[in-house]
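Peer 1: I'd like to ask some things about the structure below.
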Amino acid sequence: MTDQEPRPRPRLGVFKFASCDGCQLTLLDCEDELLPLADEVEIRHFLEASGAVAPGPYDLSLVEGSITTPEDARRIRQVRADSRHLVTIGACATAGGVQALRNFADVEEFTRTVYATPEYISTLATSTPVSAHVPVDFELRGCPIDRGQLLEVVTAYLSGRRPDIPDHSVCFACKRRGTVCVTVAHGTPCLGPVTHAGCGAICPAFGRGCYGCFGPARSTNLPAYIPVLRRDGMDERDVTRFLRTYNAAAFEEPSVRESRP
Amino acid sequence: MTHRETRVLRVGALSRVEGEGALHVRIRGGEVAEARLEIYEPPRFFEAFLRGRGHTEPPDITSRVCGICPVAYQMSACRAIEDACGVEVGGPLADLRRLLYCGEWIESQTLHVHLLHAPDFLGGDSAVDLARTHRPQVERGLRLKQAGNLLMEVLGGRAIHPVNVRVGGFHRVPARAELRPLRERLLRARDDAREAVRWVAGFDFPDAAVDADLLALAEPGAYAIGSGTPAVLAAGAAAPPRSFAVRDFGRHVVEQQVPHSTALQSRLDGRRHLTGSLARYAISGHLMSPLAREAAGEAGIAAPGDGGEVCRNPFRSIVVRALEVLYAADEAVRLIDAYEPPDRPSADVPARAGTGHGATEAPRGLLYHRYTLDGDGTVADAVLVPPTAQNQGAIEDDLRRLVQDELRRGGPDPDTEALTRLCERAIRNHDPCISCSAHFLRLDVEHG
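Encoded structure:
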């Protein structure tokens, strides 16, 4: 290498599947870090931000969104093949997202509900996480993801270490923040005890119960917690609605999925 | 190549737009035979899975339609559910909602002006490229965006999918002192926004005009954001616009399926219409604050009510968006100065059977929600009509017109690459939010 040649920078790709764009927007919401980051990495694929698209391989690919069509099931395999590290960002890519509510229903009925001519449809019956299709190196939780955690993940992979993302419950974050427990003090139904930390325990700080948008924490005992929700006034239908929203069935799975090595 | 041949301009994956779309223009014998904005964003079925949910849930659930304008979804959902339940939320709670909405306008419009749209005028593929030649301006844009995000974080808990909004108002309202640091940031943002208007007003704007009818909410004495009555300024017509009640939205704006889009396209009383910044400004621009109107005059884009002409040039929408950022920053400061905490963070909204309608001005235009509730509040039916689905037809018309004009001007064989870039600009002028528009289904598309 001569002095004139710039140091090769790690190559970053950002890919979107079925999603709201909010998790990749989180990268653009790093207003203080965006331009310095762009000096450190070569952004080769990020359609929301740039018209310049360069082929893989990518050292780090951030994947937003769930897999809901046959074409996307093919495309995610290509992204995996092109990527040294693949990190899912957000509840859609990690757990199927709010659109995975279709998994509990009859998709044909759904298509008739929203479409006048359902025979055009080409969609899978399910909305599935990326890990159901290809190996994933790390899953970043949240609907949406937290900006600080995103920076930690990107920094970690750029420096060749594992991200330092705690997998304990939101309760820890409430204690750290000094928020009075909304369940204990006010009897407000709250999923904090079974939900993965990372948001900074925002909801209880605003006087509402956690609604589980980061999915389940590493080790939880949901069956033991449901009677508490019932005590605080939720009937069976309320509990089901509460658990099945942004992370679909993730709370009800027998074992909490761990990120793969 | 001779001008008799057919050629196809195609961009398979549009960049610097939110969501997944493509464009397809077919030219035959020097004439545009077909111009399509293809929306292939996968379906997400929101209207279907809202059925069976509780009446308190749509604000949080529908915010997930769009990470770029979640507050718009929350606000239209709240208004529709409150309408169904016969509750009107006014006074300081309505002001706080407007303040939160200002944060989203500042963030979202700044994102488009500085990061997505400006490179079209100045060159480069992205804001990162642009920062090499225009670093202070890009940094100013990021600072502005951050101020909008900060407003949403203080009031809503976070900038994307805020947690503090509920049917009836908020979970928690801030004390006056909590808004003070925010006010300082917004004063800086107001100065930045004023500079940004000057900056974008100096760009080169090709001649162009959209001929669609313009649709926006209108409200006496205010630049409508979170409330108002739909008003229509027909192409070629002078003010005042005609208007109709929000509850009649579905009778006037009719959605229909087209075979190249997972979004449903709309017609307003049978005609193509455009909603968003150009429409809002044409109808209510004279109701912006004195500061914003002064900046508009300086920028040569005074509102029709202030002696200007209706701006129908889609390239100049960047100036209108910059003006809306300035207005939103100014309005946010005014709302903070006037703020008195309400007695309660939310009004009671007991469930009842009925149908409710809600419309607010998302950054990209009028966003309509309708819900039918059972007696216990269970959602029996839901309809969401996002701005980009309404705009798709007008955007395609605009695309066709721009390419046709270019063919006339540049002769029958203009450079394909330059023409394709112009097509991309034609789409980006309208800031389509494709994630929003395609909450429906995927279609199998036949590519010509």
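Chains as they are written, first to last, in our numbering: chain A, 1 to 261; chain B, 1001 to 1448.
Using N, Cα and C, we set each Cβ at its ideal position, and we do this for glycine too.
Model, not experiment: these values are computed from the prediction.
(1) Does the region 1212-1224 of chain B come into contact with the region 1263-1274 of chain B, if we say contact requires no fewer than three beta-carbon pairs (one atom in each stretch) closer than 8 Å?
(2) Identify the contact partners of A1328 (chain B) in chain A, using a Cβ-Cβ distance below 9 Å as the criterion.
(3) Hey, quick one: how far does the beta strand (DSSP E) through V1385 (chain B) stretch, first residue to last?
(4) Listed from N- to C-terminal order along the chain, which residues in the region 56-86 of chain A have their beta-carbon within a distance smaller than 7 Å of any beta-carbon of chain B?
(5) I'd like to know whether the C-beta of V1065 (chain B) is nearer than 8 Å to at least one C-beta of chain A.
(6) Give the DSSP-derived three-state secondary structure of Q149 (chain A) in the structure shown.
(7) Which residue from B:A1292, B:Q1137, B:L1023 puts its Cα closest to that of A1118 (chain B)?
(8) Could you spell out where the beta strand (DSSP E) holding F15 (chain A) opens and where it closes?
(9) Under the three-state reduction of DSSP, which class applies to Y211 (chain A): helix, strand or coil?
(10) Starting from the C-beta of L101 (chain A), find all residues in its chain whose C-beta is less than 7 Å away, skip the five residues before and the five after it, and write them out in chain order.
(11) Using only CA atoms, which one of B:R1400, B:H1134, B:K1145, B:D1343 lies nearest to T1420 (chain B)?
(12) Which residues, in chain order, does the region 1379-1401 of chain B contribute to contact with chain A at a C-beta distance below 8 Å?
(13) I need the boundaries of the beta strand (DSSP E) containing S1266 (chain B), first residue and last residue.
(14) When the Cα of V170 (chain A) is compared with those of A:R218, A:V14, A:D59, A:R80, which residue comes out closest?
(15) Kindly indicate if chain A contains any beta-carbon less than 8 Å away from that of D1348 (chain B).
(16) Below 8 Å, how does it come out for the region 1144-1160 of chain B and the region 191-209 of chain A: are there three or more Cβ pairs, yes or no?
(17) P144 (chain A) touches chain B at which residues, Cβ-Cβ below 7 Å?
(18) Go ahead and pull the three-state DSSP assignment for E1018 (chain B).
(19) Restricting to runs no shorter than 4 residues, where is the alpha helix (DSSP H) found entirely within the region 1116-1159 of chain B?
(20) Between which residues of its own chain and R1242 (chain B) is the CB-CB distance below 8 Å, once the five residues before and five after are set aside?
(21) When the distance is taken between beta carbons, is D72 (chain A) closer than 8 Å to F17 (chain A)?
(22) Between which residues of its own chain and A1382 (chain B) is the CB-CB distance below 6 Å, once the five residues before and five after are set aside?
(23) Check each candidate in A:T94, A:D32, A:P57, A:R208 and name the one with the smallest Cα separation from V1165 (chain B).
(24) State the DSSP-derived secondary structure class of Q1256 (chain B), mapped to helix, strand or coil.
(25) Below 8 Å between beta carbons is the criterion; list the residues of the region 1141-1158 of chain B that meet it against any residue of chain A, in chain order.
(26) Between which two residues does the beta strand (DSSP E) containing E1104 (chain B) stretch?
(27) Using a Cβ-Cβ distance cut-off of 8 Å, determine whether G1054 (chain B) contacts chain A.
(28) Apart from the five residues just before and just after L1111 (chain B), which ones in its own chain have a Cβ nearer than 8 Å to its Cβ?
(29) Mind listing, in chain order, the continuous alpha helix (DSSP H) runs of no fewer than 4 residues lying wholly within the region 153-229 of chain A?
(30) Could one say the Cβ of F1203 (chain B) lies closer than 8 Å to chain A's Cβ atoms, at least one of them?
(31) Mind listing which residues of the region 4-20 of chain A have their C-beta closer than 8 Å to chain B's C-betas, in chain order?
(32) To the nearest angstrom, how far is the alpha carbon of I1430 (chain B) from that of E1020 (chain B)?
(33) Quick one: list the residues of chain A neighbouring D1125 (chain B), beta-carbon separation under 8 Å, in chain order.
(34) Please state the DSSP three-state secondary structure of V1063 (chain B).
(35) Quick one: measure Cβ to Cβ for A1208 (chain B) and P1345 (chain B), integer angstroms, because I've assumed they're closer than 8 Å.
(36) Taking just the CA atoms, how far does G192 (chain A) sit from R1251 (chain B)?
Peer 2: Short version:
(1) The region 1212-1224 of chain B makes contact with the region 1263-1274 of chain B: 3 or more CB pairs, one atom from each, lie closer than 8 Å.
(2) Here the question's residue 1328 (chain B) lines up with position 328 in the second sequence. Correct list: empty, because the minimum Cβ distance to chain A is about 17 Å.
(3) In the second sequence, the residue the question calls residue 1385 (chain B) occupies position 385. 1379-1385 is the span of the beta strand (DSSP E), which, as asked, contains V1385 (chain B).
(4) Under the 7 Å Cβ criterion, the region 56-86 of chain A contributes T68, T69, D72.
(5) Mapped onto the second sequence, residue 1065 (chain B) falls at position 65. Yes, V1065 (chain B) lies at the interface with chain A (some Cβ there is under 8 Å from its Cβ).
(6) By one-based count along the first sequence, residue 149 (chain A) stands at place 149. Looking at Q149 (chain A) - three-state DSSP - the assignment turns out to be helix.
(7) The sequence position of residue 1118 (chain B) within the second sequence is 118, counting from 1. Ranking B:A1292, B:Q1137, B:L1023 by Cα distance to A1118 (chain B) puts B:Q1137 first.
(8) The residue given as residue 15 (chain A) occupies position 15 in the first sequence. Here the beta strand (DSSP E) through F15 (chain A) covers 11-16.
(9) Within the first sequence, the letter at position 211 stands for residue 211 (chain A). Three-state result, Y211 (chain A): coil.
(10) Start at 1 with the first residue of the first sequence, and residue 101 (chain A) comes out as number 101. So the list reads R244, A248, once near-sequence residues are dropped.
(11) Numbered from its first residue, the second sequence carries residue 1420 (chain B) at position 420. Just measuring C-alpha positions, the residue of B:R1400, B:H1134, B:K1145, B:D1343 sitting nearest T1420 (chain B) is B:R1400.
(12) Those would be none; no residue qualifies.
(13) Start at 1 with the first residue of the second sequence, and residue 1266 (chain B) comes out as number 266. Note, S1266 (chain B): beta strand (DSSP E), 1265-1268.
(14) Translated into the one-based positions of the first sequence, residue 170 (chain A) becomes position 170. Relative to V170 (chain A), the option among A:R218, A:V14, A:D59, A:R80 whose CA is nearest is A:R218.
(15) Stepping through the second sequence from its first residue, residue 1348 (chain B) is reached at position 348. So no, D1348 (chain B) is outside the interface.
(16) As far as the Cβ criterion goes, the region 1144-1160 of chain B touches the region 191-209 of chain A, which means the pair count is three or higher.
(17) The residue labelled residue 144 (chain A) in the question sits at position 144 within the first sequence. By Cβ distance, chain B contributes G1067, I1160, H1161.
(18) If you number the second sequence from 1, residue 1018 (chain B) lands on position 18. E1018 (chain B) falls in the strand class under three-state DSSP.
(19) Runs of the alpha helix (DSSP H) inside the region 1116-1159 of chain B: 1118-1122, 1127-1133, 1135-1156.
(20) By one-based count along the second sequence, residue 1242 (chain B) stands at place 242. Excluding positions up to five away in sequence, the list reads A1231, V1232, A1234.
(21) Position 17 of the first sequence holds residue 17 (chain A). Position 72 of the first sequence holds residue 72 (chain A). A distance below 8 Å separates the beta carbons of F17 (chain A) and D72 (chain A).
(22) Residue 1382 (chain B) sits at position 382 when you count from the first residue of the second sequence. Result list for A1382 (chain B): E1047, L1050, Y1371, in chain order.
(23) Taking the second sequence and counting its residues from 1, one reaches residue 1165 (chain B) at position 165. Selected option, being the one with the closest Cα: A:R208.
(24) Here residue 1256 (chain B) refers to the residue found at position 256 of the second sequence. Of the three classes helix, strand and coil, the one that applies to Q1256 (chain B) here is strand, per DSSP.
(25) Per Cβ criterion, the list reads L1142, R1143, K1145, Q1146, N1149, G1157, R1158.
(26) To locate residue 1104 (chain B), count along the second sequence from 1; it is residue 104. Careful: E1104 (chain B) lies outside any beta strand (DSSP E), inside the alpha helix (DSSP H) at 1091-1110.
(27) For this step, residue 1054 (chain B) is matched to residue 54 along the second sequence. With a threshold of 8 Å between beta carbons, G1054 (chain B) makes contact with chain A.
(28) Translated into the one-based positions of the second sequence, residue 1111 (chain B) becomes position 111. These residues qualify, in order along the chain: I1068, K1145.
(29) Taking only runs of at least 4 residues, the alpha helix (DSSP H) segments lying wholly in the region 153-229 of chain A are 170-177, 182-186, 202-205.
(30) Numbered from its first residue, the second sequence carries residue 1203 (chain B) at position 203. Answer no: the Cβ-Cβ gap between F1203 (chain B) and chain A never drops below 8 Å.
(31) Within the region 4-20 of chain A, the residues whose Cβ lies closer than 8 Å to some Cβ of chain B are K16, F17, A18, S19, C20, listed in chain order.
(32) Along the second sequence, read from residue 1 onward, the residue named residue 1430 (chain B) stands at position 430. Along the second sequence, read from residue 1 onward, the residue named residue 1020 (chain B) stands at position 20. It is His, not Ile, that sits at residue 1430 (chain B) in the sequence shown. Approximately 15 Å, taken between the alpha carbons.
(33) Taking the second sequence and counting its residues from 1, the one referred to as residue 1125 (chain B) is at position 125. Listed by position along chain A, the residues whose Cβ is nearer than 8 Å to that of D1125 (chain B) are S50, G51, A52.
(34) As a working mapping, residue 1063 (chain B) is identified with position 63 in the second sequence. Val is not the amino acid found at residue 1063 (chain B); the sequence shown has Ser there. Reduced to three states, the DSSP call for S1063 (chain B) is helix.
(35) Here residue 1208 (chain B) corresponds to residue number 208 of the second sequence, with the count starting at 1. Here residue 1345 (chain B) corresponds to residue number 345 of the second sequence, with the count starting at 1. In fact, because the Cβ distance is near 47 Å, the residues do not count as touching under 8 Å.
(36) In the second sequence, the residue the question calls residue 1251 (chain B) occupies position 251. In the first sequence, the residue the question calls residue 192 (chain A) occupies position 192. Distance between the alpha carbons of R1251 (chain B) and G192 (chain A): 44 Å.
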